[in-house]
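Numbering (the UniProt record's numbering), first residue to last: 1 to 135.
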Amino acid sequence: MSAATQARNTPRRDAHRVGHPSNPGIALHAGTLIALLATNGNAVPAGTAGSGDAVGVALRSVTGTAAGETVECERGTGFRFDNSAGADAIARADIGATAYIVDDQTVAKTDNSGARKRAGVVLDVDAAGVWIVVG
């Protein structure tokens, strides 16, 4: 296709809330990190083997029992998750750095030699956990 030679009506869509089909038989819990399986693009809890970077935070729980259930996810917003421990704990000095997925509710400072996928960017750190911008 060649470059445009006139104005065009380009459809747009909100990128902060996106629905993804859930993987059959997998429960997804509201408030947890969601990732997509590389094999089929279905939503699973972040940190699941074969899944990629976090795509958002589930806005409601999905049981995974009904075929074609969709999980609504929010992204581009700061969410607080549990901090990892020890050398993987995220500190205030890490604000602006990438946070990595330990599980669907915990983030870490390192990618564990490439074993962990990205959760998002560290926004803040407080006594209750790590604020990250997901997606």
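Virtual Cβ for every residue (Gly too), placed ideally from N, Cα, C.
Cβ separation of residue i and residue j, assumed to be a contact under 8 Å, to the nearest whole Å
{"i": "I101", "j": "A46", "result": "5 Å"}
{"i": "S22", "j": "A35", "result": "At roughly 12 Å, the Cβ-Cβ gap does not stay under 8 Å, so S22 and A35 are not in contact."}
{"i": "D104", "j": "L59", "result": "No, D104 and L59 are not in contact; Cβ-Cβ is about 14 Å, not under 8 Å."}
{"i": "A30", "j": "R80", "result": "That belief does not hold up - the Cβ atoms of A30 and R80 are roughly 14 Å apart, past 8 Å."}
{"i": "A91", "j": "V125", "result": "6 Å"}
{"i": "D14", "j": "R118", "result": "No, D14 and R118 are not in contact; Cβ-Cβ is about 22 Å, not under 8 Å."}
{"i": "V55", "j": "G135", "result": "6 Å"}
Residue i, buried or exposed, once every other Cβ within 10 Å from all chains shown has been counted against 16
{"i": "T65", "result": "exposed"}
{"i": "T39", "result": "exposed"}
{"i": "G96", "result": "exposed"}
{"i": "G41", "result": "exposed"}
{"i": "R116", "result": "buried"}
{"i": "N83", "result": "buried"}
{"i": "G78", "result": "exposed"}
{"i": "T5", "result": "exposed"}
{"i": "T48", "result": "buried"}
{"i": "A43", "result": "buried"}
Three-state secondary structure (DSSP) of residue i
{"i": "D88", "result": "helix"}
{"i": "D124", "result": "strand"}
{"i": "D82", "result": "strand"}
{"i": "A115", "result": "coil"}
{"i": "A99", "result": "strand"}
{"i": "A93", "result": "helix"}
{"i": "G129", "result": "strand"}
{"i": "T106", "result": "strand"}
Close Cβ partners of residue i (< 6 Å) along its chain, the five nearest in sequence each way excluded
{"i": "V62", "result": "S22, L28, E69 and V71"}
{"i": "G25", "result": "G64"}
Cutoff 8 Å; reference residue i; Cβ partners in own chain excluding five residues on either side
{"i": "V121", "result": "G96, A97, T98, A99, I132 and V133"}
{"i": "G19", "result": "T70, V71, E72 and C73"}
> Going along the chain, which unbroken runs of the beta strand (DSSP E) with 3 or more residues stay wholly within the region 6-73?
Replying inline: 17-21, 33-37, 43-45 and 51-58
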